[in-house]
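Trainee:
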Amino acid sequence: MKRGPLFAAVLIVLLVTAASWFVLRQPPSAPPPVELLVQGGDGGGLPRATATEENFVPAALDEVVTRAMQDGAQAFLVLRHGHLVAESYAAGDDRETRADSGAFAATLVAMSIGVAITEGLMRAATLEDFEPERLAAALASEAELPYEEYLSTRLWRPLNAANASFRLQRPGAAVSAGCCLEARISDWMRVAILLLDDGRFEGEAILPGGWVARMRQPLLTERRLGLGVHLASAASGAEPFAESDVFYLRGRDRWRLWLAPSLDLAVLHAADRSDAGWDETALPNAVIRAVQDRPVRSQGNALQRLVPGH
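Numbering (the numbering used here), first residue to last: 108 to 417.
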């Protein structure tokens, strides 16, 4: 028996109905994440120096870098006197790699607030505690600029860092200023220079003088924290930091940026691994002890604790 046009029409209707039912049963797909640009400069490289030129014991510094990378770091960088001395990346990463470091971004809020206070946009009294999202929103309101634009013009571009971006989960969502900034790993060493040199970068004042010292003052609500930075007492490790003035940025997982102003030294460790039980003083202490021109006072203070009067 021949199948006529009616049969073909019925078959088409059934197929269309089945396809429509299948599509309707599928869960709605999530919209793609939205990126808000934080415009930077040309991202040119930082000055470099050898371990010997910056008074490290080369073999000791190499040993620390090797240990960090073997333990799963995706990047380990050491900077002294504004010069990159060590820069190592895991396979697949390099100095152009962008990544979300988590709460490192909160430090940028604290820095931006310092600039805003000198511009008369905000008052220091605003800083009774440190809530990055609230402060960034207040700054954006007072400046009449989106936070990411203020950050770009006042901080990121003057640092000549490469373009970065905040990643939002949906269009129109507020910027999570305390996290979620995708930036080149190496550009955090530019931030380190600001924190070590009283807010200056390549001789130019980007932050107001004394603002980094203000950031390092303990919060009234949490004495182990400053404005966007962690103080030495917040560290978890088998021993204290080898220099008493160390402070640091603590990002997600094993992201840390340790700073020792007395040595003009910064150490960056990036690793997307759980930090449960991780000793966060061991690596920076090993780098510090590889410095050959550490002030005598560090050893003298230890001797005085053991033998009073010496």
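No residue lacks a Cβ here, since even glycine has one placed at the ideal position from N, Cα and C. As the structure is a computational prediction, the values presented were derived from the model and not from experiment.
#1: What separation, rounded to the nearest whole angstrom, lies between the Cα atoms of V141 and A290?
#2: Tell me whether the stretch 362 to 380 and the stretch 179 to 199 touch, counting them as touching only if at least three CB pairs, one residue from each stretch, are closer than 8 Å.
#3: How about V145 and S283: are their beta carbons less than 8 Å apart?
#4: Could you check the C-alpha separation between V81 and E235 for me, to the nearest Å?
#5: Have a look at the DSSP bridge pairing and note the partners of E226.
#6: Looking at the unbroken alpha helix (DSSP H) that takes in L390, where does it start and where does it end?
#7: Tell me the DSSP secondary structure of V164 in three-state form.
#8: Beta-carbon within less than 7 Å of D200's beta-carbon, same chain only, minus the 5 sequence neighbours each way: which residues are those?
#9: Is I300 near G189, with beta carbons less than 8 Å apart?
#10: Below 8 Å on the Cβ atoms is my contact criterion, and I expect D294 with A269 to pass it. Report the Cβ-Cβ distance as a whole number of Å.
#11: Going by DSSP in three states, N408 sits in which element: helix, strand or coil?
#12: Give me the Cα-Cα distance between E194 and R274, rounded to the nearest whole angstrom.
#13: Give me the Cα-Cα distance between G407 and P368, rounded to the nearest whole angstrom.
#14: Taking the C-alpha atoms as reference points, what is the distance between C420 and G335?
#15: With the cut-off set at 8 Å, would you say Q399 and V164 are in Cβ contact?
#16: F354 and L366 - do their beta-carbons sit closer together than 8 Å?
#17: Looking only at its own chain, which residues have a Cβ that is under 7 Å from the Cβ of A243, when we skip the five neighbours before and after it?
#18: Could you name the residues of the same chain whose beta carbon sits closer than 6 Å to that of F308, not counting the 5 residues immediately before and after it, in chain order?
#19: In angstroms with no decimal places, state the Cα-to-Cα distance between S219 and S208.
#20: Using only the alpha-carbon positions, how far apart do V222 and G316 sit?
#21: Counting only beta-carbon atoms, is A158 nearer than 8 Å to chain C?
#22: Assign E226 to one of two classes, buried (16 or more other C-beta atoms within 10 Å of its C-beta) or exposed (fewer than that).
#23: Consult DSSP for R272 and reduce its assignment to one of helix, strand or coil.
#24: So which of R230, T214, E251 and R261 has the shortest CA-CA distance to P240?
#25: Just to confirm, is the Cβ distance from H337 to R357 under 8 Å?
#26: Using 8 Å as the threshold, is the C-beta distance between A167 and A373 below it?
#27: For a quick check, are the C-beta atoms of T388 and G344 less than 8 Å apart?
#28: Which of helix, strand or coil does DSSP assign to V282?
#29: May I ask you to report which of helix, strand or coil DSSP gives L288?
#30: Within 10 Å of its beta-carbon, does R331 have 16 or more other beta-carbons around it, so buried, or fewer, so exposed?
#31: With a threshold of 8 Å on Cβ separation, who are the neighbours of R230 within its own chain once the five nearest residues in sequence on each side are excluded?
#32: How long is the line joining the alpha carbons of L131 and L364, rounded to whole angstroms?
#33: Sorted by chain position, which residues of the same chain lie with C-beta nearer than 8 Å to S500's C-beta, five sequence neighbours on each side aside?
#34: Mapping DSSP to helix, strand and coil, what is E350?
Mentor: The structure says:
#1: 15 Å
#2: The stretch 362 to 380, when compared against the stretch 179 to 199, does touch it at the 8 Å Cβ threshold.
#3: Not a contact, by the Cβ cut-off of 8 Å.
#4: Given a span of 108 to 417 for the chain in the structure shown, any question on residue 81 remains unanswerable.
#5: Looking at the DSSP assignment, E226 forms no beta bridge with any residue, so it has no partner.
#6: A389 to R396
#7: coil
#8: Q181 and A182
#9: yes
#10: 6 Å
#11: Unreliable placement is indicated for N408, whose pLDDT of 48 sits below 50; no coordinate value is reported for it.
#12: 27 Å
#13: Residue confidence is low: G407 scores 44 on pLDDT, short of 50, so the model does not pin down where it sits. No coordinate-derived value is stated.
#14: Residue 420 falls outside the range modelled here, since the chain spans only 108 to 417, and no answer is possible.
#15: In contact: Q399 and V164 (Cβ atoms closer than 8 Å).
#16: yes
#17: V216, Y254, V282 and A284
#18: L266, I300 and L301, listed in sequence order.
#19: 18 Å
#20: If I take the Cα positions, the gap works out to 10 Å.
#21: Absent here is chain C; the protein component of the structure consists of one chain.
#22: exposed
#23: The residue asked about is misnamed: residue 272 is Ser in this sequence, not Arg. Correct three-state label for S272: strand.
#24: The sequence given here places Glu at residue 240; Pro does not occur at that position. Closest by alpha carbon: T214.
#25: Closer than 8 Å, so yes.
#26: no
#27: yes
#28: coil
#29: strand
#30: exposed
#31: I224
#32: Its pLDDT being 45, under 50, L131 is placed unreliably in this model, and the value from its coordinates should be taken loosely. Straight-line Cα distance between these residues: approximately 49 Å.
#33: Because the chain in this structure spans residues 108 to 417, residue 500 falls outside the shown range and cannot be described.
#34: Of the three classes helix, strand and coil, the one that applies to E350 here is coil, per DSSP.
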